[in-house]
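The sequence shown maps to residues 0 to 167 in numbering that gives the first Met the number 0. Quick reminder that beta carbons are idealized off the backbone N, C-alpha and C, glycines included.
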Amino acid sequence: MTAGKAAFGLFGAVAMINAGNDLVKSEGIEDPAIEISQRLADDMAAKRSATVLPASNKIATDDSPASLVKVYPGADVILDVKTINWMYAYYPSQWSKYHVMYVARVRLIDGKTGALVAQHLCNVDPTDPKNPPTSDALRADHAALLKESLHKAADTCVSDAEQKALRV
0 MTAGKAAFGL FGAVAMINAG NDLVKSEGIE DPAIEISQRL ADDMAAKRSA
50 TVLPASNKIA TDDSPASLVK VYPGADVILD VKTINWMYAY YPSQWSKYHV
100 MYVARVRLID GKTGALVAQH LCNVDPTDPK NPPTSDALRA DHAALLKESL
150 HKAADTCVSD AEQKALRV
């Protein structure tokens with residue numbers, strides 16, 4: 000979110016979403032949920048002797064447990080990681096300085112019944128508040144700093160989910 004686009008209310012919000020989607024595409028920014036799910040699955044396999052099934056090319060029409068059980072038949076448990084929100088926005092008191100925000104939901108679902116086994120909501124701002132970057136700095140060098148910030152957010156989400164919900 001930039002201060003310039005925020006000034007235009009609803010039209011500014013649409014412009015911000017489009018600009019964000021363009022940035023993700025042009026700079027090859029991967030959704031952190033992919034990294035989080037891979038790392039959690041690997042850790043569960045290593046620490047709990049779980050067998051990770053090959054990824055399915057099927058996509059659930061929604062993320063209800065009942066739909067996920069149908070998409071992944073035969074799984075004992077289903078690890079579901081979904082990005083709820085990811086963005087960078089200016090600080091209200093410093094319009095030229097930005098912070099990165101990332102929110103994801105991590106669920107472990109019983110593959111037979113669809114019952115929720117564990118759930119964690121990860122809400123992370125990996126930005127150093129003492130030295131927040133500019134928008135240009137986040138986007139420089141193919142968004143290297145933005146990618147690094149999202150990787151830090153993924154690290155925090157993995158650690159928190161393992162400790163607080165999955166007990167891995």
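Since residue 103 and residue 156 are thought to touch, with beta carbons under 8 Å apart, how far apart are those beta carbons, to the nearest angstrom?
6 Å
Does the beta-carbon of residue 36 have 16 or more other beta-carbons within 10 angstroms, so that it is buried, or is it exposed?
buried
Cα-Cα separation between residue 161 and residue 38, rounded to whole angstroms
10 Å
Taking 8 Å as the cut-off, decide whether the C-beta atoms of residue 133 and residue 148 are in contact.
no
Using the C-alpha atoms, what's the distance from residue 92 back to residue 115?
41 Å
When you compare each of 131, 96, 119 to residue 159 by their alpha carbons, which one comes out closest?
119
My guess is that residue 165 and residue 107 are in contact by the Cβ rule of under 8 Å, so how many angstroms apart are they, rounded?
6 Å
Residue 102 - DSSP class collapsed to helix/strand/coil:
strand
Beta strand (DSSP E) segment containing residue 35, residue limits
No beta strand (DSSP E) contains residue 35, which is instead part of the alpha helix (DSSP H) from 31–47.
Output needed for residue 42: all residues of its chain with C-beta closer than 6 Å, excluding positions within five of it in sequence on either side, in chain order.
167
Ends of the alpha helix (DSSP H) at residue 140?
134–160
Which complete beta strand (DSSP E) runs does the stretch 47–103 hold, if anything under 3 residues is left out?
76–90
Could you check if residue 61 is buried or exposed, using at least 16 other CB atoms within 10 Å of its CB as the buried criterion?
exposed
Have a look at residue 64 and residue 95 and give me their C-alpha separation to the nearest angstrom.
42 Å
In this structure, how does DSSP classify residue 10 when only helix, strand and coil are distinguished?
With a pLDDT of 46 at residue 10, under the threshold of 50, the predicted position of this residue should be treated as unreliable, though the coordinate-derived value follows. Three-state DSSP puts residue 10 in a helix.
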